[in-house]
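Going by our numbering, the first residue of the sequence shown is number 24, and it counts up by one from there. Each remark here refers to the structure printed beneath this line.
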Amino acid sequence: MMENILCIIAILATRAIATPVALNKATDNSIIWGRCDPVFQWFPSSVQCGNLSVPIDWDKPHGGMFNLSMVKLSRPSHATSEKLGTLFMNPGGPGSSAARYVASMNTTKGPSSEILQSYDIMGVDPRGVGLSAPIRCDSEIWNERVSLFSQTQDEYDRLVDKNKRLGQSCIERTGELMNHLDTISVAKDYEAVRAALGEAKFNYLGLSYGTQIGAQYAELFPDKVGAMVLDGVLQHSQAESMNILAEGTAYEAALESFFDWASTSPNSILKGQDVGKLWHDLLNNATARPLAAPSCDSPASNCRMNVTEDEIRLNAQQFFLPGSEHAKSWFATVLYSSSQNFSQDLASKVAHEPTNQGYIIPVIFVESQRYISVASACQDWSPRLSSFEDMQAKMRIAEVFTPLTRGASQSWAVQASCIGWPAPVTNPPTKLNVDTGADNPILMVTSTHDPSTSYTWAVGMLEEIKSGVLLTRDGEGHTSWGRNGKTTEAITRFLLTKELPDPGTVLDS
């Protein structure tokens, strides 16, 4: 769910892009494949790019259309394993580029290369994301600094006003697609791609927010589901206050665990210190005066020049997503640097306007994810922070159950950012009823200490996915695929053979 720490690859080209292939518009039911545009020089030569024309509004299939864009890694011609079809992959977000994710996969070693011996691997950018008609919004409005934790009625009114103006700017710059960015529409897009490929089944590995795409696809098209894995499970049906508590307590637990690690580990610059006190001191100091972020004062930087108290609480969550020793060591260094008034690693990112020739590559992936993370979520969730008093009540709940982070999480950011959003809620939270049959189960994967998608969501989704089997990794970090432990092996085995772990299985890596 959380926006990843994106490493932007330096590309000098600044050509405008609409689709990744310099070809004619696709017909309504066929994918136009070709070599990727040379501007995507960092895509390996083994990657093909394609476009499929799909309706903006699936309730009006003969109305306006747009190009859904995708990349494909083809199974090697020398592969000796049986070909099992096409595997769709989505890394989550909302708004992470599946095309970029697949194009960047390691095809020579590791679990991806093993999967590639039996599948073509497909990365379809969801509508509004990356290569698929990326949405445009006003960067100046995005960059206005308004707290997501309103302390006064005036601050709340300013937040609502900003959300309205930002959403309206997205509608004006993006057009009708802005009203159709919900996950149901994305699931129908994926079904259109499956049909266009001529595949009998939809094989899928979805991570984080990608699990919602998979779950809603399975409810809509249960007979089309093949091998499906949902890793880092999101539960869409929860009430707003429950989402705040579920993700907030997961993040809080990760932070508490980090305090213990950082004060005792030889790999921590904070060894021997009271790290909990350091955290509280940083928050108190930032409340009195935002902490300085010296390297962000350059016009070329992409971060704010200082860091507020609520930004510290919100932005620290991303450091726990990797769940690795290296990431914890890095965050310890970040806290130490921040205590010395060098807080740039905790600074919020700023948005940028495209050049006259369009976004540079691959900034398009970053900017579209920034905006779609709000726009898509605001059509999938009904904000209930409908008054200043209601926000205050939920802040009090958060302070009781999550005193270290006080409710800060992606769930809170979504709900606060959607108050006053002008696009309709087209996919409101509701309990799913998924049943793909006892002989065609869905593998659900979670970890006990995931700081983003709470373990409670995965357990709750067992009630909604009747054919689901839950596999638990006893460990830290967000999602389990690709960690090269026993859980990744179990996921790979299921995708290749449909062999399931026993219900209730817990693995230690």
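Here a beta-carbon is modelled for each residue, glycine too, at the ideal position from N, C-alpha and C.
Taking C-alpha positions only, Ala122 is separated from Ile144 by approximately 10 Å.
DSSP places Asp413 inside the alpha helix (DSSP H), whose first and last residues are Phe411 to Phe424. Annotated as proximal: Ser97 and Gln71, with beta-carbon spacing under 9 Å. Asp148 sits in coil when the DSSP states are folded into three classes, being neither helix nor strand. The Cβ-Cβ distance between Glu334 and Leu278 does not fall below 9 Å.
Taking a cut-off of 8 Å on C-beta distances, the segment 283-294 touches the segment 350-357, as three or more cross pairs fall below it.
In the displayed model, Gln71 falls within a strand according to three-state DSSP.
Using a 10 angstroms sphere on the CB of Gln174, the tally of other CB atoms stays under 16, which defines it as exposed.
The beta carbon of Thr528 sits closer than 6 Å to the beta carbons of Leu494 from its chain, once the five residues preceding and following it are set aside; these are given in chain order. Taking the Cα positions, Gln235 is about 12 Å away from Trp404. In the same chain as Val209, and ignoring 5 residues on each side of it, the C-beta atoms closer than 7 Å to its own belong to Pro149, Arg150 and Ile236, in chain order. When Cβ pairs closer than 8 Å are counted between the two stretches, the segment 158-171 is seen to touch the segment 197-207, the count reaching three or more. Distances from the alpha-carbon of Asn74 to those of Phe63, Ser68, Asn52 and Phe66 put Asn52 closest.
The C-beta distance from Ala309 to Val330 rounds to 6 Å, short enough to fall under 8 Å. Shortest Cα-Cα distance from Gly249 to any of Ser532, Phe517, Pro524 and Gln433 involves Phe517. In this structure, the CA atom of Thr510 is about 14 Å from the CA atom of Asp473. Contact between the segment 453-469 and the segment 478-494 is present, with at least three C-beta pairs closer than 8 Å. When the alpha-carbon of Pro114 is set against those of Val147, Thr515 and Leu171, the nearest one is in Val147.
Relative to Ala215, the option among Arg168, Trp81 and Pro99 whose CA is nearest is Trp81. The segment 186-195 makes contact with the segment 161-170, as at least three CB pairs between them are under 8 Å.
Membership of Ile465 in the beta strand (DSSP E) is indicated by the continuous run Ile465 to His472.
Proximity of the segment 310-326 to the segment 254-261 falls short of the contact definition, fewer than three beta-carbon pairs being nearer than 8 Å. A direct Cα-Cα distance of roughly 9 Å separates Val468 from Leu230.
Taking the CA atoms as reference points, Ala339 sits about 29 Å from Asn129. By the Cβ criterion, the segment 496-503 is not in contact with the segment 293-312, since fewer than three pairs of Cβ atoms, one from each stretch, lie closer than 8 Å. Around Ser477, the same chain offers Ala269, Glu270 and Ala273 as residues with beta carbons nearer than 6 Å, after the five sequence neighbours per side are excluded.
Just so you know, the alpha carbons of His85 and Arg327 end up roughly 45 Å apart. Taking Gly116 as reference, the option from Met418, Gln341 and Phe424 with the minimal CA-CA separation is Gln341. Counting every other CB atom within 10 Å of its CB across the protein chains shown gives Lys300 a total below 16, marking it as exposed. Annotation for Glu422: Arg429 and Gly430 place their beta carbon closer than 8 Å to its own, counting only its chain and skipping 5 residues before and after. For the pair Thr449 and Ile55, the CB atoms are not nearer than the 9 Å cut-off. Just so you know, the alpha carbons of Gly133 and Val125 end up roughly 14 Å apart. Secondary structure at Asp333: helix, using DSSP grouped into helix, strand and coil.
Annotated three-state conformation of Glu487 is coil, per DSSP. Around Ala102, the same chain offers Gln140 as residues with beta carbons nearer than 7 Å, after the five sequence neighbours per side are excluded. Taken through DSSP and simplified to helix, strand or coil, Pro78 comes out as strand.
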